[in-house]
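Protein chains in written order, with this note's numbering: chain A, 7 to 135; chain B, 187 to 316.
This is the structure:
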């Protein structure tokens, strides 16, 4: 869904230069994270123990692995949108701004994908050794 | 160059410090803190995928004094960012703008986050997880 006016689209308005799409995506991911993140952390806290076998067998269950994978994907996306907004608001030098935006993008893909990959390995029962 | 600098629009330092702007700044700060928690979360998950030995090593890191302190900080940051985020979503819908409502919901977010943090860690301590 786009909330941009045709004029705004042409002019590329807003501090980021691309209108309200980012603002909207931030809200959508925030709404999605309310149930997803609450479920994830509450489930972990509700486990009988936080040792390896308890956490692993919990994450290996189909719904848990699937929802955890969804959660880290949305979490990384929301975190990316939030942190680049801070850079776009407060960092003014073009070189510095570009470097930080690149760094944030790489870091979020790295840690988001690493989390996703780890969850999938546990969900599919791939044993390391 | 003009004889004297052009007037600028008023910025942060000219306004009286009050709950509204403090909570707005805290929302961004907790957001940044939570973003820094993403590497920690992926480290924990990768260690879990690595097997029992690597999970124990990660659990030792998180169970250290600095680790527990960081986790308590992230619990507060998560609780506050969640509660204040809901507050922002209500504003986006056009609700809750009255002075009394703003202050009440602001205090609810701060005290609620402190309460949730305390509750989570008292429960963890009570059930012997730390």
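The C-beta atom is built at its ideal place from N, Cα and C for all residues, glycine as well.
For clarity, every value in this text was computed on a predicted model and none was experimentally measured.
- Between residue 221 of chain B and residue 88 of chain A the beta-carbon gap is near 7 Å, inside 8 Å, which marks them as a contact.
- Inter-segment contact for the stretch 274-287 of chain B and the stretch 29-45 of chain A is present: three or more beta-carbon pairs are separated by less than 8 Å.
- Only buried fits residue 78 of chain A, as 16 or more other CB atoms lie within 10 angstroms of its CB.
- By the Cβ-count criterion, residue 290 of chain B is exposed, with fewer than 16 other Cβ atoms from all chains shown falling within 10 Å of its own Cβ.
- In this structure, residue 211 of chain B and residue 92 of chain A do not form a Cβ contact; the two beta carbons are roughly 11 Å apart against a cut-off of 8 Å.
- Taking C-beta atoms under 8 Å as the contact rule, residue 261 of chain B and residue 306 of chain B qualify, at a distance of about 5 Å.
- Under the 8 Å criterion on CB atoms, residue 254 of chain B is classed as non-interfacial with respect to chain A.
- Straight-line measurement puts the Cα of residue 94 of chain A at about 12 Å from the Cα of residue 105 of chain A.
- Contact between the stretch 116-129 of chain A and the stretch 57-68 of chain A is present: three or more C-beta pairs spanning the two stretches fall below 8 Å.
- Taken in chain order, the members of the stretch 207-231 of chain B whose beta-carbon sits within less than 8 Å of a beta-carbon on chain A are 214, 217, 218, 220, 221, 224, 225, 227, 228 and 231.
- Here residue 298 of chain B is actually not in contact with residue 250 of chain B; their C-beta atoms are around 29 Å apart, not less than 8 Å.
- Sequence-distant partners of residue 257 of chain B (beyond 5 residues in either direction) whose C-beta falls short of 8 Å from its own C-beta, in its chain, are 248.
- Straight through space, the alpha carbons of residue 11 of chain A and residue 27 of chain A are spaced by roughly 11 Å.
- Taking 8 Å as the upper bound on Cβ-Cβ separation, chain B lies near residues 118, 120, 121, 123, 124, 125, 127, 128, 132, 133 and 134 of the stretch 118-134 of chain A.
- Beyond the five residues adjoining it in sequence on each side, residue 54 of chain A comes within less than 8 Å, by CB distance, of 60 in the same chain, given in chain order.
- According to the DSSP assignment, residue 90 of chain A belongs to the alpha helix (DSSP H) that extends over 68-96.
- In this structure, residue 84 of chain A sits near residue 32 of chain A, with a CB-CB distance shorter than 8 Å.
- Leaving aside the five residues that flank residue 72 of chain A on each side, the residues in its chain whose CB is nearer than 8 Å to its CB run, in chain order, 129.
- The C-beta of residue 238 of chain B comes closer than 8 Å to at least one C-beta of chain A.
- Using a Cβ-Cβ cut-off of 9 Å, residue 241 of chain B is close to 57, 58, 61 and 62 of chain A, given in chain order.
- Residues of the stretch 273-297 of chain B that bring their beta carbon within less than 9 Å of a beta carbon in chain A comprise 274, 275 and 278, in sequence order.
- The Cβ of residue 247 of chain B sits no closer than 8 Å to any Cβ of chain A.
- Listed along the chain, the chain A residues whose CB falls inside 7 Å of the CB of residue 315 of chain B are 56.
- Chain-order list of chain A residues neighbouring residue 235 of chain B: 124, 127, 128 and 134, by C-beta distance under 7 Å.
- For residue 292 of chain B, the uninterrupted alpha helix (DSSP H) run begins and ends at 285-312, by DSSP.
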